[in-house]
Amino acid sequence: MNSSESELASQLITLLAAGMLVIQLLMVVQRMLLTSIRLFALQSLMLAGIAAIVAFFHNNAIHVYWVAGLTLIGKVFFLPWLLNRLVRRIQIDQEIAPLLNSTASMLLCGGFTLLGYIVARPFTSLERLGNNTLAIAITLLLTGFFLMFNRRKAITQVLALLTVENGVMLAAVALTSYGMPLVVELGIFFDVMVAVMVLGILVYRIRETFSSMDVSKLSQLKG
Amino acid sequence: MMLLIPILLAPAAAGLFCLLARSRPAMGLANMLAFGVTVGLGVMLLRKVIEPPYVVTEFEEFFRADSLSAWMVLLISVVSLGTSLYAGQYFRRDLAAGVVTAGRVKEFFVLTPLFATGMFLVVLANNLGVMWFALEATALSSVLLVALYNRKTSLEAAWKYVMLGSLGLALALFGTVFTYAAAVNKDSAMPSFNWSHLMSVAGQLDPRMIKLAFVFVLVGYGTKAGLAPMHTWLPDAHSEAPSPTSAMLSGVSLKVALYALLRFHILTTACLGSSFSRTMLLVFGLGSMCLAAPFILVQTNLKRLLAYSSLEHVGLICVGIGLNSPVTIFGALLHMGYHALTKPVLFFAAGNIHQSCHTLQMRLIGPGIAKLLPVTAVCMGLAAVAATGLPPFGLFFSEMTVLNGGFAAGHTFVSTVVLAALLAAFCGILYQLTRILLGVPKIVRTKDVAPSAGAPAMGLMLAALLVFSIWLPEPLLQVMKRAAGIIGGK
Amino acid sequence: MMFSVLAIMLQTALLLALAPLISGCIKNWKAKLQNRRGPPVWQPYFDLAKFLRKDMVISEHASWIFRAVPYVLFISTLLAGLMVPMVSVSAPLSLFGGALAFVGLLALGRFFLALGGLDAASAFGGMGSSREMTIAAVTEPALMLAIFTVAIAADKSTNLSQMLIAAQGPTWKLLNPAHVLAFAALFIVLLAETGRIPIDNPATHLELTMIHEAMILEYSGRYLALVEWSASVKQLVLMALLANIFFPIGIATDSSAASLGLSLGWFMAKLLALAGAVVLVETTNAKLRLFRVPDLLSAAFILATLALLSTFLFQ
Amino acid sequence: MNLPSPTLFLQLALCAYGFGVVASLLAIRWEKFANGIGFGSATVAAVFGIGAALTGLTSGPGNGVESFALWPSLIPYLQLTVKLDPLGAFFVLIVSVLALALSIYSFGYVRGFYGRKNVGILAAFYNALLLATTLVFTASNAFFFLIAWEIMALTAYCLVSFEHEKPETRNAGVLYFIMSHVGTGCLILGFLLLFQAAGGQAPGDYGFETFRTLGDKLSPGRRDAAFLLFLVGFGIKAGIVPLHIWLPVAHPVAPSNISALLSGVLIKTGIYGLTRVLFDFMGTPPNWWGVTVLTIGTVSAVLGVLYALMEHDLKRLLAYHSIENIGIILMGLGAALMFLHTNHPVLATLALIAGLYHTMNHAIFKALLFLGAGAVLHATHTRNMEEMGGLIKRMPTTAFCFLVGAVAISALPPLNGFVSEWLTYQALLQGFGTTDSLVRIMFPLSGAMLALTGALAAACFVKAFGITFLAQPRSDHAAQAHEVAPTMLAGMGLLTAACIFLGLFPTLFLKLFNPLTVQLLGQPLPGFLSEADGWVLGNTQEMGGTVSTLGIALMGICLLPVPLVLWLFFGRRTKVRIGPTWDCGLKGLTPQMEYTATGFSKPIRMIFKALFLPRREVQREYDYSPYFAKNLHFESHIEEAFVTRLYRPLNRGILRFSRRMRGLQAGSIQAYLIYIFITLLLLLMFAL
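Protein chains in written order, with the working numbering: chain A, 17 to 239; chain B, 22 to 511; chain C, 66 to 380; chain D, 4 to 691.
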């Protein structure tokens, strides 16, 4: 890999990573459930793109194509489809109903982004591909976290969890320049799939039992 | 001879068999058989790891067992065996009472071996990434077990368990990725992600990255291990799961998560050479112990009481490891073992009480369980005596060992806090259990539970506890000492 | 050996013979001071003789305790008396016990007397026992503290003869504040222990005020004689203790007949003087209400404490 | 004579107790058999225990008293070593003598449980308790000591809760066990401090041998901290004020043979511990240790007896007296500590012996009284003294035994209580000269308080014996009472004999203390203690006070002819007539007219009103005139100020705090997520 190629790859990756962050912030202010799912798909697409770029520009990272492909299939097509189906099937109200209003949420998320950069700062020299991807990964984690506790609906929490997962994958690719060993990647991928299915089952059962998707009603167990 | 792969295969096979089988007794039997086999294999593994070269590896070092893993394997298999002994009768009564459907029972018999397989994989995997997804697998398989009764509360508990657990595991994955990143060298080819390899190059890892990784791993696996303040799912899940599952969760699942944390702790200490990770463990351990105490004192739900007691014990184990003298680590490992033998008995007894009284509210249960369910009451009393750290049961010895080591190493203040927290927990458990076990039953209830229900499982575990309290076979001692050496960085 | 047996017999005789006389004197003088003629000084002797000859009525509810009480009381009081030096510095039983055994023996007698009061199932007996034990309890600390004060002056010996020897020694001063205060304390104790006004009225049979008399209400005949006699022996013994320890004048230090005789004279004089003091107190004071009695006795306790403090504050 | 070694005796005793535990559990379904084998083996074990203690105390040093390990140790620092040293042997003597009497008593007593409660379990726990207690006294490793200590507490809890059908019993058990466990926590910390000072490295660093070498090498701060911890830890077990509140609650609710064991032996383990730690391990004490112990002893003695007086529950009354007597014992120990500080080893010997002698005495007479109370309970089925009366005619032997116990505990000559209190008085009196500081005023004041205690105890036992056994029965239960089984009487008789023996022959018994004082204070028994060929109990100084209880008793018998002669001389012809008690001319006395226990102690309640804070409620109902009440309802309560002002608010505070804490787990998953988030943020900010 010569330096100009490396430079190009780095810029592309940074660009896509920034895109992921922007989408994450859009999800924070988004109120419609189905739109959120689509946004997630788009974010996953960008992740897949990053993986593909890494695989393309790096010499001994052929297996990262696998990552890109699996992400594409799993997170861009399969999971959004599954969630869409779930939403339609149990006829969830489209409104998301966050706890904090969007202004406050945006302010907080801005703070998280700052924090992510502060935490990642000592490690920028370690990043082999792209600048600030680690910071973005950590920010994705923090904002994903925030999404989880700022939403009332069970299914939005699942979505938030998935964005956190995206953050991990971004970090995995960005920090190591060729991702994790294949067996690990595969394991993680299938785990995520199974997790979403299990969560789906639970969401379904909760909807049946509580006739609501509001997790703040899940508060009988105390003390 | 292969040892590690059979340990993994036996329960997995039992799970598959149950998926296909139709007869419920056969399912129960398959479970028992599988765990019986793993106990045997565990003992063989134990004998093997105390001889040079002290490590068993298989499948090109993909699976690796040292003394610490062997000790965990033994705990997992013993608790699983006890659970499978108890579960058959337990679900027969549940079915008779119409609380669960046959499909759900089948779910239990399929998922429990898978749960166990996941735990075995955690402790036998050499690759840290594999360890992570094995742990995720245990979480996912146990979520459905927690939700087995499909009550409102059990769904709630399962939801909290899976959300918090998955989030924790996502954080742990972050940490795992960072660890891997610390090992990546610009020029070399893809490094191995095996723990043994990382340990061998520990000195060359990037210390800042390792530190960051440990923070994420601590919060992540700490959530799964139930360290305060990430423990909030624990009482919910433990109290709402069917009692056999509660026993597995409390008896070993927490410790398996702790095991994963320990592997990172060892690595971090080897890399940093400082007390960073052990101080963290100490702080979180102490926090868990202190937090559990007030909840125990004013608890109203029997199984939540037991769950908080587990929190307390996990905290103590962390403190023992955090104090980081050979004696305290030995004490902590010993504590793991004794706790694994004790807590399931308590949950089994609680299960019997639950089935008999149809509630877990201690206000409604007591008084007079001793008259109603004598065997259950005696087992519960004995196990409670053990769990509160009274001799002649082993938890007293292990607690004292931790305290002794703490004082010998000069950690007077920490040890004093530990002692105070243990005292508070004792007061709560004593008060609550006296209230429900002794006395005269207020009303004569219909006896849904045979007087000797669960006696084999409880009796066997108590007998094992008592025997191992006053007599530790040399190989066990050896394995614990070696494991303590591994954790202590020797 | 022979000598000590003789001493024991002589002192026993002295105790038994002298005790009713002191009681008689007190009664007679008190009457005189109140402008009454009063019973003759010898009246107690006649009473005892009469009681001894009378038939007894014993309560149907009473047990063997009731019958044992007079003997236990009588003997324990005599034993206590034998430990107190009277006309010779060495009391016959001084080796067998000092001040502590003396107090203990008196308490033993009181213990059984109180049981005897309860045994007859009468409310009066119970009332008497209750009050007697209460007053004894509040008296005891003052008594013990006073004894400690005196014992400390006698080189920390509780042997009564030792105390006496120390009191006779050159270090003793009559007006030593410690001794004065201790004497005052012990004098109050004496009034309490012997059931004198202002604590108890020995002459009353008014149901609600009697203490000692209430306890022995059911006794008659020779039992009553023994109880009454014990009471007066106790009074004698306590007075002897006070007289000899605080005014150790003229006590025989050897066993020649002359010195013993002289000593007996002095002893009688001191006793009668003390009796006079008791009479004065009795006639000039009214009986206190029961619940005011502790005030008086705590005053005794404070006096004794001051006595103790002064042993090292004024040296 | 060539006796077997004490160690062998001890091993036999331990085996017999152990056998008793196992055999009773095996015989759990056959209650008569369980009774026989359980208490039978305890009897045998007790005999062996007495043998061990006596041979251990009478044979000189270095003859067969060796330490042996019960079991090989596997845990670091734990050594299960047992050694019968003189101090341990003395306490083994106490527990064994009591075990002998109690086991014999129990044969008859537990028959009352047949068909109602499981005798096998009772016998098993009884044996286990005795086994654990014996091990507490003989363990020579602190870790092992703590194990035995905890097992002892646990078995005691089980025995206290034996009749758990009553809520008060359950509450009592819980209170006892919680307090006991707090005490154990203090002990663990205390021993850990010593262990730490010993280096904490060698495997034997928990051994008493190692602790013994610490002594003055301890730093002052550590030593003082350890002292306070031990004082609280052992003090809770011993029942010192203000850590005593469990004692009057827990002791009465146990079966009476167990109550006797609890009051007789179990609280003495606290005394044993204090003696062991303060005199054996901790070197020369600073002055304030002795002052503290002496003060606590004095306060416990006075308050214990005052609260006892207010009780009309016979067993609670006895339990409060245990507090009192522990106080008296501590006076001796406290004085001994002060003498050690001022370097008066001979006086320290006297004071220590006074305390330990009283320990023995209290064990004997308190057990005797509890057994008596048990017999009464057995016969009348009530513990309330207001429902008793007249039992002396129905249960003459029990009454006699109880009377002996009552005289002994009231410290009246010539019984054993008097002897040990006499020694305590002497020690306090001598103490006045040991120092010039103002602290010396403590000694006589304590002596005065001891006198108050003794007098109040006498008052209390006049009440206890008089109301229970004398006069007319106050209820049908009492009227129908019968004398109890011969084995029960035999058990009481044994203790009665012991009371008398220890009272009359103190100089014989004192010889046993010689190895003990040599061990603890390096000082043989002072020669003056035994005068006139052992007839007279002396003092540590030549011209000091002396006493001879034997002499007093014999002299009393010699004086007996005096009243008899008088009687023969004057009134041979007098007649004795049995008649009714004088009833003021009414229609005869009824039991309602008798003095009650509450009435008996009323004057004392009034005098110490400020202390008792009695609450009384009077409700009158009038018909037509305010002078003639139709109905009168009177209630009077006394609750200990320690409970109402100290423990109850403390308990409430802890519970309130805990309930607040529960708010953390309010059920909202969002909140839980925030906890994790904040933890992560904090760690990221601070840890990196």
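The beta-carbon is built from N, C-alpha and C at its ideal position, and this holds for glycine as well.
Note that the coordinates shown come from a computational prediction; the quantities given were computed from them, not determined experimentally.
Is D/P417 helix, strand or coil by DSSP? coil
For D/Q544, would you say it is in contact with chain B, using Cβ-to-Cβ distances shorter than 8 Å as the test? no
Apply the 10 Å Cβ neighbour rule to D/N328 and answer buried if 16 or more other Cβ atoms are within range, or exposed otherwise. buried
Check whether the Cβ atoms of B/A223 and B/A155 sit closer than 8 Å, and answer yes or no. no
Would you check if there are 3 or more beta carbon pairs closer than 8 Å linking the stretch 138-150 of chain C to the stretch 113-127 of chain C? no
Give the secondary structure of D/G582 by DSSP, where H, G and I count as helix, E and B as strand, and everything else as coil. strand
According to DSSP, simplified to helix, strand and coil, what is C/D120? coil
Answer with buried or exposed for C/A322, where buried requires no fewer than 16 other C-beta atoms within 10 angstroms of its C-beta. exposed
For A/P114, list the residues DSSP reports as bridge partners. A/R167
Which residues in chain D have a C-beta closer than 9 Å to the C-beta of C/Q227? List them in chain order. M546, G547 and G548
Is it buried or exposed for D/G52, if we count other Cβ within 10 angstroms and need 16 for buried? buried
Under 9 Å Cβ-Cβ, which residues of chain F neighbour A/A170? Among the chains of the structure shown, chain F does not appear; the protein chains present are A, B, C and D.
Residue nearest to C/L81 in terms of C-alpha spacing, selected from C/L160, C/K97, C/L113 and C/Q99: C/L113
In chain order, what residues of the same chain have a beta carbon less than 7 Å from the beta carbon of A/P114, not counting five sequence neighbours either side? S121, N166 and R167
If you follow the beta strand (DSSP E) that C/E347 is part of, which residue opens it and which one closes it? Premise fails: C/E347 lies in the alpha helix (DSSP H), A322 to T349, not in any beta strand (DSSP E).
Residues of the stretch 659-672 of chain D whose Cβ lies closer than 8 Å to any Cβ of chain A, in chain order: R665, Q668, A669, G670, S671 and I672
Quick check on this structure: which residue in C/L83, C/A279, C/A305 and C/A250 has the alpha carbon closest to the alpha carbon of C/V154? C/A305
CB-CB under 7 Å to D/Q475, same chain, minus the five flanking residues each way: which ones, in chain order? G392, G393, P594 and E597
Whose C-beta lies closer than 6 Å to the C-beta of D/F282 among residues of the same chain, with five residues either side of it excluded? L523
Which term fits C/M192, buried or exposed, when burial requires 16 or more other beta carbons within 10 angstroms of its beta carbon? buried
Quick check on the DSSP output: the alpha helix (DSSP H) that includes B/S267 runs from which residue to which? S264 to M269
Give me the chain D residues within the contact set of A/G35, using Cβ-Cβ distance strictly less than 7 Å, ordered along the chain. Those within 7 Å of A/G35 in chain D number zero; the least Cβ separation is about 25 Å.
For C/L255, three-class secondary structure by DSSP: helix
Within-8 Å CB hit, A/G203 to chain B: yes
Any chain B beta carbon closer than 8 Å to A/M17: Note that A/M17 scores 48 on pLDDT, short of 50, meaning its location in the model is unreliable and no value can be drawn from it.
DSSP state of D/L635, grouped into three classes? strand
Neighbour flag for C/V245 against chain D, beta carbons, 8 Å: no
Using a C-beta cutoff of 8 Å, does A/L237 count as contacting chain D? yes
Among the candidates A/A187, A/I154 and A/V180, whose CA atom is the shortest distance from the CA of A/V56? In the sequence under discussion, the amino acid at residue 56 of chain A is Phe, which differs from the Val named in the question. Measuring from the Cα of A/F56, the nearest candidate turns out to be A/V180.
Please go through the same chain and pick out, in chain order, the residues whose beta-carbon is closer than 7 Å to the beta-carbon of B/L29, but skip the five residues on each side of it. T138, F141, L142 and L145
Alpha carbon to alpha carbon, what distance is there between D/M558 and C/F116? 26 Å
For D/F472, which option in D/T401, D/T437 and D/P75 has the closest C-alpha, if you only look at C-alpha atoms? D/T401
Under 8 Å between the Cβ atoms of D/F421 and D/G375? no
Taking any Cβ of chain D, which residues in the stretch 330-362 of chain C have a Cβ under 7 Å from it, in chain order? L355, F356 and P359
Residues of the stretch 293-315 of chain D with Cβ closer than 8 Å to any Cβ of chain B, in chain order: none
Simplified DSSP assignment, three categories, for B/N148: strand
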